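As they're listed, the protein sequences go chains C and V. If you use full-length UniProt numbering, the first sequence corresponds to residues 1 to 258, in order. If you use full-length UniProt numbering, the second sequence corresponds to residues 1 to 258, in order. We treat Cβ as the ideally placed atom computed from N, Cα and C, and that holds for glycine. None of these values were measured; they are calculated from a predicted model.
Number of protein chains: 2
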Amino acid sequence: MTTIENISDSAPEKMLRILDCFTLQGGQLSVGDISKLTGIPRSTAHRWVGILRDTGLLDQDNSRDVYRLGLRLIHLGNNALWSMDISREARHVLEALSRSAGARSHLCVFDGNQMIFVTRTIGGRAGRFNSTTVMESSPCYCTSVGKAVLAYQPQETVERIISQGLHPYTPHTITDPDRLREELALTRKRGYSINNGEMEMHERCIGAPVRNAAGRVIAGLSLTDKTRKMTDDKIPGFAQTVIKHADLLSVQLGYRHS
Amino acid sequence: MTTIENISDSAPEKMLRILDCFTLQGGQLSVGDISKLTGIPRSTAHRWVGILRDTGLLDQDNSRDVYRLGLRLIHLGNNALWSMDISREARHVLEALSRSAGARSHLCVFDGNQMIFVTRTIGGRAGRFNSTTVMESSPCYCTSVGKAVLAYQPQETVERIISQGLHPYTPHTITDPDRLREELALTRKRGYSINNGEMEMHERCIGAPVRNAAGRVIAGLSLTDKTRKMTDDKIPGFAQTVIKHADLLSVQLGYRHS
DNA sequence: ACAGTTGTCTCATTTTTTGGGACGAGTTTT
DNA sequence: AAAACTCGTCCCAAAAAATGAGACAACTGT
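Here it is in C-alpha cells:
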C-alpha cells in the first residue's frame with residue numbers, strides 16, 4: 001500500500017529498530033531523530049522512547065531532550081555472555097592450546113558485527129561472582145577469529161560487514177570486498193583462517209571456527225605469534241592444532257557430528 | 001480484579017521479564033520454565049519466545065527445546081558501553097589520577113546489579129574500530145567502586161542487591177545486611193567509600209561516585225593499592241584526590257552543579 | 001502400556017498500539 | 001519584533017496485535 005515496505009513489525013522488532021538507530025548513528029538521539037531514522041511517526045516514537053526509558057533500555061539526558069542506550073543493555077549483554085557455556089569451557093581449551101603450540105591464544109564471539117574477546121578467570125572459591133568476565137571487541141574482517149567466523153555466516157551478513165567499510169589498520173589489511181570474499185571462500189575450503197599482519201604489523205594468527213549446540217558458528221579460536229616465529233612451513237601443523245581445539249570446544253558447547 | 005496484581009505490562013516490560021528469567025535462573029530455559037517463572041501462560045510464552053528467537057535476542061539449542069540469551073544482546077550491551085561518553089573521557093582522567101596518586105585506578109559502571117569495569121585504549125589512527133572496549137564485572141557490595149555507587153542508589157536497589165546474597169570473598173567481606181547499610185550511609189556522608197580487603201586480601205581501595213548528565217550516579221572511580229602502602233593517615237588525602245577526579249569526570253559527562 | 005508433561009497450533013475476544021491532529025514552548029528567519 | 005518553523009507532548013477513535021483457553025501430538029518415565 002505505502003511506497004516503501006509496509007511490514008508490520010512485532011513489538012520486539014520495532015523496539016530493536018529503535019535501539020539499532022543508536023548503534024548505527026552512535027551517541028545520542030532525540031525523539032525527532034528516531035522518528036526520522038526509523039520512519040516511525042513522531043507521536044508513536046515519542047511513546048516508545050518513553051517506555052524504553054522507563055524500562056531502563058534507554059537513558060535520558062535530563063538537560064536536553066536526548067536519549068542514549070541504557071545501562072540495562074549492558075547488564076543484559078553481560079549476562080548473555082555469562083550464560084554462554086563458552087565462558088565456562090573456554091579457559092581449559094585456551095590453556096591447552098597455548099601449551100601445546102607455545103603461543104598466545106584467543107577466543108572471540110561474533111556478535112553480528114564485531115568479534116568480542118571472551119575470557120574468564122576463576123578465583124579461589126566457588127560462586128557466581130567469584131569470576132570475572134572480560135569483553136573486548138575488534139573488527140571481524142581483519143582478525144583470524146573474525147575471518148574464521150565470517151566464512152560460515154550467511155552471505156547477507158558478509159555483505160553487511162563489507163558495506164560498513166573495510167578500514168585499513170596496516171598496509172596488509174584487506175580493503176577490497178572481492179579479496180575478502182575470496183579469502184573467506186579459501187578459509188571455508190581449508191577450514192582455518194590466516195591473519196597476516198592485517199590488524200597488527202608483524203603479527204600472524206591462525207583461526208578456526210567454533211560451533212554451538214545449534215550448529216551455528218558463533219566464535220573463533222586463534223593462535224597468535226610474531227610473523228617471524230610463525231613461518232609458512234609451520235602453519236599447516238599449527239592449523240591442525242587450532243582446529244582440533246576449536247572442535248573440542250564445539251563439542252563441549254553441545255555440538256554433535258564431526 | 002485478580003488476586004494478585006493485574007498490571008498490564010507494555011511489550012518491552014514483558015520482554016524484559018522474560019529475558020530477566022535467564023539472568024536470575026542462569027543458563028538455559030525451556031518454554032515451560034519461562035511460563036512458570038514469569039506467570040505468562042504457556043501459549044503466550046511460546047509465541048514470545050519464538051519472536052525473541054527470530055529477532056536474535058534469544059538463541060535456541062536446536063537439539064533440545066531450550067533457549068539461551070542471544071548474541072544480539074551482547075552486541076547491544078557492547079554498543080551501550082560504546083555510546084557512553086564515559087568510555088571516551090575515562091582514559092585521561094584515569095591516567096591523571098594514577099599519576100597524581102601513584103597507585104592503580106579503576107572506573108566501573110553500575111549496570112543495576114554488578115560493577116562493570118570499563119576502559120578503553122586508543123590505538124594509532126582514528127576511527128570507530130581502532131579502539132577496544134573491555135568489560136569485566138565484579139560485585140558491588142565488596143568493592144570501593146560498588147559501594148560508592150550503591151550509596152547513591154534508591155533503597156530498593158540496595159535491598160535487591162542484599163537479597164541476592166552477600167557472599168564472602170575474604171574474612172573482611174561485609175556479609176551482614178545492616179553493616180552494609182551503615183557502610184553505605186557512612187559513604188554517603190563523607191562522599192567516598194573504602195574497601196578494606198573485602199574482595200582481595202591486603203588490597204585497599206578508595207572509591208568516589210561519578211554522575212552522568214542526568215545527575216544519576218552511574219559509575220565509580222577508585223584508587224587501589226596494597227594495604228600496607230595505603231595507610232590510615234594517607235586516606236583522607238587520597239580520598240580528596242579521587243573525589244576531585246570523579247567530579248571532573250562527572251562534569252565531562254555533562255553533569256552540572258558542584 | 002499408561003499417565004503426566006511439554007511443544008505447538010488455532011481462533012474468537014480482549015487489549016493495546018497506532019498516528020493524525022492540536023497545543024504550547026523554543027528557535028530561527030525575515 | 002513578529003512571523004514561520006521545529007520540536008516535544010498529549011488526546012482519542014480506528015486499526016491491529018496480543019491474548020489464552022483448548023485441542024492435539026510427541027515425548028518421558030514409571
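Whether residue i touches residue j by CB criterion (8 Å)
i	j	result
Asn195(C)	Thr143(C)	yes
Leu57(V)	Leu81(V)	no
Ile218(V)	Ala239(V)	no
Asp61(V)	Ala246(C)	no
Leu52(C)	Leu76(V)	no
Tyr152(C)	Arg188(C)	yes
Thr231(C)	Arg104(C)	no
Ser83(C)	Arg160(V)	no
Cβ neighbours of residue i in the same chain (closer than 6 Å, five flanking residues each side left out)
i	result
Leu71(V)	none
Ile250(C)	For clarity, residue 250(C) is Ser in the given sequence; the question names Ile instead. For Ser250(C), where only same-chain residues beyond five positions count, the Cβ hits under 6 Å are Val210 and Arg211.
Gly148(C)	The sequence given here places Ala at residue 148(C); Gly does not occur at that position. Hits under 6 Å: Ser193, Gly207, Ala208, Pro209 and Gly220.
Arg125(C)	Confidence in Arg125(C) is poor, its pLDDT being 27 and thus under 50, which makes the residue's placement unreliable; the coordinate value appears in the next sentence. Nothing listed; no residue qualifies.
Val66(V)	Gln28 and Ser30
Residues near residue i by beta carbon distance below 8 Å, same chain, minus five either side
i	result
Arg42(C)	Val31, Gly32 and Ser35
Met199(C)	Ser138, Pro139, Cys142, Thr143, Tyr169, Thr170 and Thr173
Arg128(V)	Note on Arg128(V): pLDDT 29, under 50, position unreliable in the model; no value is reported.
Lys226(V)	His202, Glu203 and Arg204
Gly27(C)	Arg68
Pro177(C)	Ile162 and Leu166
Heavy atom of the ligand HEM within 7 Å of residue i beta-carbon
i	result
Asp178(V)	The ligand HEM is absent from the structure shown, which contains no ligand whatsoever.
Opposing strand residues paired with residue i [DSSP bridges]
i	result
Asn212(V)	Asn212(V) pairs with nothing; no bridge assigned.
His202(V)	Paired residues: none, contrary to the question.
Ile116(V)	Val109(V) and Ser137(V)
Val66(V)	Asp61(V)
Leu29(V)	Tyr67(V)
Gly207(V)	Ser193(V) and Ser222(V)
First through last residue of the alpha helix (DSSP H) which encompasses residue i
i	result
Lys226(V)	Unbroken run through Lys226(V) is the beta strand (DSSP E), Val217 to Lys226; no alpha helix (DSSP H).
Leu73(C)	Leu71 to Ser83
His172(C)	Taken as a continuous stretch (DSSP letters only), His172(C) belongs to no alpha helix (DSSP H), as it is neither H nor E.
Ile40(C)	Premise fails: Ile40(C) is in no alpha helix (DSSP H) and is neither H nor E.
Met15(V)	Ala11 to Gln25
Lys147(C)	Ser144 to Leu150
His245(C)	Ile235 to Gln252
Gln155(V)	Gln155 to Ser163
Leu180(V)	Pro177 to Arg190
Distance between beta carbons of residue j and residue i, contact taken as under 8 Å
i	j	result
Leu166(V)	Thr175(V)	5 Å
Phe22(C)	Leu29(C)	6 Å
Ser222(C)	His106(C)	5 Å
Ser44(V)	Pro12(C)	According to the sequence shown, residue 44(V) is Thr rather than Ser. Thr44(V) to Pro12(C), Cβ: 14 Å. No contact.
Gly197(V)	Ile243(V)	At roughly 22 Å, the Cβ-Cβ gap does not stay under 8 Å, so Gly197(V) and Ile243(V) are not in contact.
Val158(C)	Leu184(C)	7 Å
Ile86(V)	Val49(V)	Going by Cβ atoms, the distance from Ile86(V) to Val49(V) rounds to 34 Å, so no, they are not a contact pair.
Glu95(C)	Gln252(C)	That belief does not hold up - the Cβ atoms of Glu95(C) and Gln252(C) are roughly 14 Å apart, past 8 Å.
Asn79(C)	Ile116(V)	Actually they do not touch by this definition, with Cβ atoms about 11 Å apart.
Cutoff 7 Å; reference residue i; Cβ partners in own chain excluding five residues on either side
i	result
Gln114(C)	Ser137, Ser138, Pro139 and Cys140
Val93(V)	His245, Leu248 and Leu249
Ser100(C)	Thr241
Leu37(V)	Cys21 and Gln25
Span of the beta strand (DSSP E) around residue i
i	result
His106(C)	Arg104 to Phe110
Asp61(C)	Leu58 to Asp61
Ile194(V)	Ser193 to Asn196
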